[in-house]
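Residue numbers (our numbering), protein chains in the order written: chain R, 1 to 284; chain S, 1001 to 1267. All residues carry an ideal CB built from backbone N, CA and C; glycine is no exception. Notes for the one structure printed next.
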Ligand SMILES: Nc1ncnc2c1ncn2[C@@H]1O[C@H](COP(=O)(O)OP(=O)(O)OP(=O)(O)O)[C@@H](O)[C@H]1O
Ligand SMILES: [Mg+2]
């Protein structure tokens, strides 16, 4: 998921709220497929497809209808709530009890439940990273990165920047929906409200990853994102050990994010002031 | 000589219909033949950049017509014109994608105006070609293919942008004060490189500059924009024999005429 958020936030330089809608959508699609007995890998892939479409909608709203990206994301996110609810046949939760998931498949290889999650999770994360790295080295991938970096120059070189943005939104939300599908299979149920805070978690992972190791080539960055996501979880776990009441959970995670964002600024001035400037200011 | 560019009665007005209405171009007519290297001068706000932007397509044409190689491009979007027109901007940051490496930027420019697919962005055989091209800049950039462009100096970036603009031969190259942000020494290097690249490929070029000496030294034609029109249009002998004082005089005459007009109005 952090990878998905990274794609729009850093590569395209946009904050895409669609994430909060495509995450539960992915969970819902995968779960409903599994309930119907579809192969877990195909179900997960279907979730990815659902995310692609969600991204397409936001991309269309943003580029063709010229709605600012933040608003376009919120609009799609709002609409997706209903769609996800429909997918789940109006239930707020759908259980996967006793159904085969990609993790139960991994368990059949003789892994314990926890190890199955870790191994399968890593395999999929690495696969996604590998595919993305290859993609970003193609002609289209280069064009997409250039679009996020310098749209004017890209257009002057004949790159259709609008199409590139739409494609970026799509891949990004595909990844986010994919992670939604994984989470649902891990939890054993799909939850209509699981999207709340997705973007925050994604951004936190990016920021932690960038604080940990700066200036990485794209494959290294994608790998550290996974690390960033894990560390963010650990920090949260630590915070919750300090007897935070469930009602304050979101507040606590928001505070953790603020700390993550602000800390590096004290050590390293001119850092993390928005997407592109980050890359520039740390290198100038 | 075949005609490359024809600009007919080009008008551009900003914020029309408001009190701030700004009629920047008021009927520009201009013909460029293949191999013409035109320097453009004019005071701040004369509309030089607006003229180039209109040709490149970044601002829509309000009135008039632009014909490139016999094709009417007046209504084509930027991306469609990119195949035939390349640009170098004033700000070195504008011409390159800073987070991409030198070779990635060059590879992007190689494909200017062409379809992009799922083939590798930077191909092996390209790399050799890029090295050779970079070597001719004489800036020791040939071994920095993997360096992020953002790490290079403004002059280095501008030199690369120039190279990018000519990697795939354009029918027309637009240079908008492309040395203005550089120190005097680098500026000379980049100007010489500009001339070399334009001469080598026999390019048709527009170059905006505030440096009168450059405007005289380079190119075979010179135009001055004033009050939204081409006020001075020199070529051949006339251009060759131009000196800075003569050009200043021409410039003063244009501005002076305007002052007299105002004086007449006051009477
Ligand atoms: N996109 C725009 N919207 C509104 N006004 C504009 C726009 N672009 C240019 N102008 C106005 O048009 C006028 C001409 O600007 P332009 O940039 O073409 O001048 P210039 O000759 O390139 O000047 P300089 O030498 O300062 O670069 C200016 O008054 C400017 O404010
Ligand atoms: Mg200008």
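If you run the structure through DSSP and keep just helix, strand and coil, what is residue i?
i               : result
residue 1120(S) : strand
residue 101(R)  : coil
residue 1016(S) : coil
residue 1043(S) : coil
residue 1269(S) : For chain S, the structure presents residues 1001 to 1267; residue 1269(S) sits outside this window and is missing.
residue 36(R)   : coil
residue 1033(S) : strand
residue 164(R)  : helix
residue 1080(S) : helix
residue 112(R)  : coil
residue 1167(S) : helix
residue 82(R)   : helix
residue 73(R)   : helix
residue 1097(S) : coil
residue 89(R)   : coil
residue 1009(S) : strand
residue 1087(S) : strand
residue 1229(S) : strand
residue 18(R)   : coil
residue 1146(S) : coil
residue 95(R)   : strand
residue 67(R)   : coil
residue 214(R)  : coil
Would you grab the beta carbon distance between residue i and residue j for me? Rounded to a whole angstrom, and I think it's under 8 Å.
i               : j               : result
residue 28(R)   : residue 190(R)  : 5 Å
residue 1195(S) : residue 1218(S) : 6 Å
residue 1079(S) : residue 158(R)  : 5 Å
residue 1159(S) : residue 1190(S) : 6 Å
residue 1026(S) : residue 1254(S) : Contact flag wrong, Cβ pair sits at about 14 Å.
residue 1161(S) : residue 1095(S) : 3 Å
residue 1090(S) : residue 1178(S) : 6 Å
residue 16(R)   : residue 73(R)   : 5 Å
residue 1097(S) : residue 215(R)  : About 16 Å; that fails the 8 Å criterion.
Confirm the yes/no value for this check: CB of residue i, any heavy atom of ligand 1, distance under 7 Å.
i               : result
residue 23(R)   : no
residue 1022(S) : yes
residue 1044(S) : yes
residue 1054(S) : no
residue 1059(S) : yes
residue 1049(S) : yes
residue 1014(S) : yes
residue 1226(S) : no
Thinking C-beta only, is residue j closer than 8 Å to residue i?
i               : j               : result
residue 1246(S) : residue 1220(S) : no
residue 232(R)  : residue 59(R)   : no
residue 1005(S) : residue 1209(S) : no
residue 1042(S) : residue 1248(S) : no
residue 1028(S) : residue 1010(S) : yes
residue 30(R)   : residue 229(R)  : no
residue 173(R)  : residue 22(R)   : yes
residue 178(R)  : residue 96(R)   : no
residue 1013(S) : residue 1062(S) : yes
residue 1174(S) : residue 1059(S) : no
residue 1222(S) : residue 1215(S) : yes
residue 1155(S) : residue 1182(S) : yes
residue 1145(S) : residue 1132(S) : no
residue 40(R)   : residue 105(R)  : yes
residue 143(R)  : residue 1056(S) : no
Does the distance between the C-beta of residue i and the nearest non-hydrogen atom of ligand 2 fall short of 7 Å?
i               : result
residue 1122(S) : no
residue 1214(S) : no
residue 1091(S) : no
residue 1038(S) : no
residue 160(R)  : no
residue 1103(S) : no
residue 1063(S) : no
residue 1183(S) : no
residue 1148(S) : no
residue 1177(S) : yes
residue 1028(S) : no
Just to confirm, does residue i get its C-beta within under 7 Å of one of the non-hydrogen atoms of ligand 4?
i               : result
residue 1190(S) : Ligands present in the displayed structure are limited to ligand 1 and ligand 2, and ligand 4 is not among them.
Near-chain R residues of the segment 1087-1104 of chain S (beta-carbon distance less than 7 Å), N- to C-terminal order
1087, 1094, 1095, 1096, 1097, 1098, 1099, 1100 and 1104
The segment 150-162 of chain R: positions lying closer than 9 Å to chain S by Cβ:
150, 152, 153, 154, 155, 156, 157, 158, 159, 160 and 161
Return the residues of the segment 1003-1025 of chain S that lie within a Cβ-Cβ distance of less than 8 Å from chain R, sorted by chain order.
Listed in sequence order: no entries.
What are the residues in the segment 1105-1125 of chain S lying within 9 Å of chain R by C-beta distance?
Result list: 1105, 1107, 1108, 1109, 1111, 1112, 1113, 1114, 1115, 1116, 1117, 1118, 1119, 1120, 1121 and 1122.
Members of the segment 1038-1059 of chain S that neighbour chain R once the beta carbon cut-off is set at 8 Å
Against chain R - using a Cβ distance shorter than 8 Å - the residues of the segment 1038-1059 of chain S are 1056 and 1058.
Contact set between the segment 1204-1219 of chain S and chain R, restricted to residues whose Cβ is under 7 Å from the partner
So the list is empty, because no residue satisfies the distance condition.
Under 7 Å, CB to CB, which of the residues in the segment 122-140 of chain R have a partner in chain S?
137, 138, 139 and 140
Using Cβ-Cβ distances below 7 Å, what residues of the segment 1227-1261 of chain S are close to chain R?
For chain R, none of the residues of the segment 1227-1261 of chain S brings a beta carbon within less than 7 Å of one of its beta carbons.
Give the residues from the segment 1068-1084 of chain S that approach chain R closer than 7 Å (Cβ to any Cβ), ordered along the chain.
Those would be 1078, 1079, 1082 and 1083, in chain order.
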